[in-house]
Amino acid sequence: MDLYTLTSEPALRAPVLVTAFDGWVDAAAAATTAANQIAEEGEQIARFNGDLLIDYRARRPVLDIVDGELKSLAWAEITVLAARAGERDLLVLTGPEPDFRWRELSDAVYELCV
1 MDLYTLTSEP ALRAPVLVTA FDGWVDAAAA ATTAANQIAE EGEQIARFNG
51 DLLIDYRARR PVLDIVDGEL KSLAWAEITV LAARAGERDL LVLTGPEPDF
101 RWRELSDAVY ELCV
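Residue numbering for the sequence shown follows the numbering used here, starting at 1 and increasing by one per position.
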């Protein structure tokens, strides 16, 4: 099972990596709010396999139930978006702080960036 899936491979101009994990390390959601703002118009280029990185007992999926009918199910996910920022591109990695496989995650992020 792969740790991540490439969803797009855009040509990047001198990219810079911006990383923001939510959770207790993200006081008042400042980092994730800023990262989401700069990546707002971005294109998803990678999605990490949450089954390998996230403890779903601690981060349950969010169910949206309206009038007794299931409308949506949202799983926590870690993604990388590519966004334009002047003469450079930004790779913006956001999502929940991983519970498992930090070393593999850091290797995969490095692989995505080079």
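C-beta: ideal position from N, C-alpha, C; glycine also.
Legend entry - Test item: CB-CB of A20 and T5 under 8 Å: Here the question's residue 20 lines up with position 20 in the sequence shown. Here the question's residue 5 lines up with position 5 in the sequence shown. Contact: no.
Legend entry - Unbroken alpha helix (DSSP H) run spanning D89, endpoints: As a position in the sequence shown, residue 89 is number 89, starting the count at 1. From DSSP, D89 is part of no alpha helix (DSSP H) but of the beta strand (DSSP E) over R88 to P96.
Inset, instruction - May I ask you to report which of helix, strand or coil DSSP gives T7? - result: To locate residue 7, count along the sequence shown from 1; it is residue 7. Residue state, collapsed to three classes: coil.
Inset, instruction - Note down the Cα distance separating T102 from E87, rounded to an integer number of angstroms. - result: As a first step, residue 102 must be located in the sequence shown, where it is residue number 102. As a first step, residue 87 must be located in the sequence shown, where it is residue number 87. The sequence shown places Trp at residue 102, rather than the Thr named in the question. The alpha-carbon atoms of W102 and E87 are separated by roughly 32 Å.
Legend entry - When P10, E97, G95 and P98 are compared against E43, the one with the closest alpha-carbon: Start at 1 with the first residue of the sequence shown, and residue 43 comes out as number 43. Checking every option, the nearest Cα to that of E43 belongs to P10.
Inset, instruction - Could you check if I78 is buried or exposed, using at least 16 other CB atoms within 10 Å of its CB as the buried criterion? - result: Counting from 1 along the sequence shown, the entry for residue 78 is found at position 78. The residue is buried, with at least 16 neighbouring Cβ atoms inside 10 Å.
Legend entry - Beta-bridge pairing of R47 - partner residues as DSSP gives them: Within the sequence shown, the letter at position 47 stands for residue 47. Answer by DSSP bridge pairing, in chain order: T5 and T79.
Inset, instruction - Using only alpha-carbon positions, find the residue among V109, D26 and L63 that is nearest to Q91. - result: For the purposes of this step, residue 91 is identified with residue 91 of the sequence shown, where counting begins at 1. Checking the sequence, you will find Leu at residue 91 rather than Gln. When only C-alpha atoms are compared, the closest one is V109.
Legend entry - DSSP three-state assignment for A27, whether helix, strand or coil: What you label residue 27 is simply residue 27 of the sequence shown in a count that begins at 1. A27: helix per DSSP, three-state reduction.
Inset, instruction - Tell me whether L155 sits in a helix, a strand or coil according to DSSP, three-state version. - result: Nothing can be reported for residue 155: it is not among the residues displayed for the chain, which extend from 1 to 114.
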